[in-house]
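So the structure is just underneath, and the comments pick up after that.
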Ligand SMILES: Cc1ncc(COP(=O)(O)O)c(C=O)c1O
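Residue numbers (my numbering): 1283 to 1674.
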């Protein structure tokens, strides 16, 4: 392999395995560790959805579907978007069924990016965005939101546009946000949409995968206020506890969707047929399946927020998703990686260093409360002991 080692694709060599995974693996062998590291629901997929998947297997629904996915599924997704978020996408021409939100993001970015383009990424950000932009031969431009409680403001977009000009092809928005749990109310969404209208050559990729996990108020889709420029990304991973099934969607105007379907086709042909049938059941008969999970997440959020605030962590109160992004108290001088490693070794609790979500996340830790209340309680007890015994 020696000669070949020098011949890999430049961008592939540049990107790295996700910092979340790397840190998670690094601490996983510590005995007795309780981890609040990974962002996936701890609930099983609802029974009626599982049954639909099993029936699809037994009924031999094991063939390729159309590239965009089963029309019945796209129709159910269209109804879901209309009913929940008041925006209509034509199931025939404006919706693609993808292999999770992950492939939706990849297909969207590969469809629009040219070498040398720039993409705005509010930071801290979900770890997938940066490598996907780089693989698309484009340059990520980070907008630090930490000074504004992690809320992207119109002003920040304007400043970035002024600085980076017409090579900016897209902005990747994500709300509720991983890793901060912060989300936007209607006024904030409208303000962002109005700002982006001033840049008609800019695509907005709006990752709304946590749309069903908003605690106070309701989720507002960017598609409702900026239809023409927006590619909405969504899926059933979080709303229906279906991360392993791999089902996502792009929702975008026909002209964009027509281009994306080519990339999607050559990447994956289509999403799994069995998963799509389970998805039909989830969306036709389980539109509100997220509600009981959401109620449980909210209890956990309130519990953790109260304890960690008392222990001296500053937290922008999350109103969505299932993450707490907490500022390490000033008394601790380590960086986020060393702080989390120390917590893992000494207190046997696993959090993710904020720096795994970009430079703007340095000085913070992320924990996921998609974990049982028993584990969360034990982690908080251990954290409290650690903070008391290491106090400087
Ligand atoms: C913000 C965000 N977008 C996309 C994804 C990927 O979702 P999927 O499992 O549907 O690919 C995740 C998963 O954690 C996420 O947090």
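Where a beta carbon is used, it is the ideal one built from N, C-alpha and C, also for glycine.
Beta carbon of residue i nearer than 8 Å to that of residue j
{"i": "residue 1407", "j": "residue 1456", "result": "yes"}
{"i": "residue 1602", "j": "residue 1458", "result": "yes"}
{"i": "residue 1331", "j": "residue 1577", "result": "no"}
{"i": "residue 1319", "j": "residue 1526", "result": "no"}
{"i": "residue 1399", "j": "residue 1420", "result": "yes"}
{"i": "residue 1494", "j": "residue 1520", "result": "yes"}
{"i": "residue 1478", "j": "residue 1508", "result": "yes"}
{"i": "residue 1554", "j": "residue 1528", "result": "yes"}
{"i": "residue 1378", "j": "residue 1351", "result": "yes"}
{"i": "residue 1462", "j": "residue 1432", "result": "yes"}
{"i": "residue 1472", "j": "residue 1515", "result": "no"}
{"i": "residue 1650", "j": "residue 1321", "result": "yes"}
{"i": "residue 1566", "j": "residue 1369", "result": "no"}
{"i": "residue 1360", "j": "residue 1371", "result": "yes"}
{"i": "residue 1464", "j": "residue 1402", "result": "no"}
{"i": "residue 1634", "j": "residue 1648", "result": "yes"}
{"i": "residue 1358", "j": "residue 1562", "result": "yes"}
{"i": "residue 1467", "j": "residue 1447", "result": "no"}
{"i": "residue 1638", "j": "residue 1427", "result": "no"}
{"i": "residue 1394", "j": "residue 1475", "result": "no"}
Residues bridged to residue i (per DSSP)
{"i": "residue 1646", "result": "1609"}
{"i": "residue 1404", "result": "1425"}
{"i": "residue 1517", "result": "1530"}
{"i": "residue 1640", "result": "Residue 1640 pairs with nothing; no bridge assigned."}
{"i": "residue 1323", "result": "In DSSP, residue 1323 forms no bridge with anything."}
{"i": "residue 1512", "result": "1486"}
{"i": "residue 1632", "result": "1317"}
{"i": "residue 1597", "result": "1608"}
{"i": "residue 1602", "result": "1496"}
Start-to-end residues for the alpha helix (DSSP H) that takes in residue i
{"i": "residue 1452", "result": "It is not in any alpha helix (DSSP H) - residue 1452 instead sits in the beta strand (DSSP E) that spans 1450 to 1456."}
{"i": "residue 1259", "result": "Outside the displayed range of the chain (1283 to 1674) lies residue 1259, so it cannot be described from this structure."}
{"i": "residue 1353", "result": "1353 to 1367"}
{"i": "residue 1416", "result": "1411 to 1417"}
{"i": "residue 1550", "result": "1536 to 1550"}
{"i": "residue 1471", "result": "1468 to 1479"}
{"i": "residue 1330", "result": "1329 to 1340"}
{"i": "residue 1505", "result": "1504 to 1507"}
{"i": "residue 1624", "result": "1618 to 1624"}
{"i": "residue 1665", "result": "1655 to 1671"}
{"i": "residue 1571", "result": "First-last for residue 1571: undefined, no H or E at that position."}
Residue i - containing beta strand (DSSP E), residue span
{"i": "residue 1488", "result": "1485 to 1489"}
{"i": "residue 1530", "result": "1530 to 1533"}
{"i": "residue 1496", "result": "That residue, residue 1496, is in no beta strand (DSSP E); it is neither H nor E in DSSP."}
{"i": "residue 1297", "result": "Looking at the DSSP string, residue 1297 is not in any beta strand (DSSP E), and its letter there is neither H nor E."}
{"i": "residue 1433", "result": "Per DSSP, residue 1433 belongs to no beta strand (DSSP E) and is neither H nor E."}
{"i": "residue 1380", "result": "1377 to 1380"}
Environment of residue i [buried if 16+ CB atoms lie within 10 Å]
{"i": "residue 1304", "result": "exposed"}
{"i": "residue 1345", "result": "exposed"}
{"i": "residue 1627", "result": "exposed"}
{"i": "residue 1339", "result": "exposed"}
{"i": "residue 1392", "result": "buried"}
{"i": "residue 1285", "result": "exposed"}
{"i": "residue 1296", "result": "exposed"}
{"i": "residue 1613", "result": "exposed"}
{"i": "residue 1492", "result": "buried"}
{"i": "residue 1382", "result": "buried"}
{"i": "residue 1414", "result": "buried"}
{"i": "residue 1588", "result": "exposed"}
{"i": "residue 1314", "result": "exposed"}
{"i": "residue 1655", "result": "exposed"}
{"i": "residue 1292", "result": "exposed"}
{"i": "residue 1317", "result": "buried"}
{"i": "residue 1422", "result": "buried"}
{"i": "residue 1625", "result": "buried"}
{"i": "residue 1412", "result": "buried"}
{"i": "residue 1364", "result": "exposed"}
{"i": "residue 1290", "result": "exposed"}
{"i": "residue 1645", "result": "buried"}
{"i": "residue 1540", "result": "exposed"}
{"i": "residue 1311", "result": "exposed"}
{"i": "residue 1511", "result": "buried"}
C-beta neighbour in chain D for residue i, strict 8 Å
{"i": "residue 1582", "result": "Going by chain labels, chain D is absent from the structure shown, which holds only one protein chain."}
Nearest-angstrom Cβ-Cβ length linking residue i and residue j, presumed shorter than 8 Å
{"i": "residue 1325", "j": "residue 1569", "result": "About 17 Å separates the two Cβ atoms, so there is no contact after all."}
{"i": "residue 1552", "j": "residue 1348", "result": "7 Å"}
{"i": "residue 1501", "j": "residue 1328", "result": "Actually they are not in contact, since the Cβ atoms of residue 1501 and residue 1328 sit about 20 Å apart, beyond 8 Å."}
{"i": "residue 1605", "j": "residue 1460", "result": "6 Å"}
{"i": "residue 1485", "j": "residue 1513", "result": "6 Å"}
{"i": "residue 1630", "j": "residue 1664", "result": "6 Å"}
{"i": "residue 1424", "j": "residue 1640", "result": "6 Å"}
Near ligand 3: residue i beta-carbon under 7 Å from a heavy atom
{"i": "residue 1410", "result": "This structure simply doesn't include ligand 3; it includes ligand 1 instead."}
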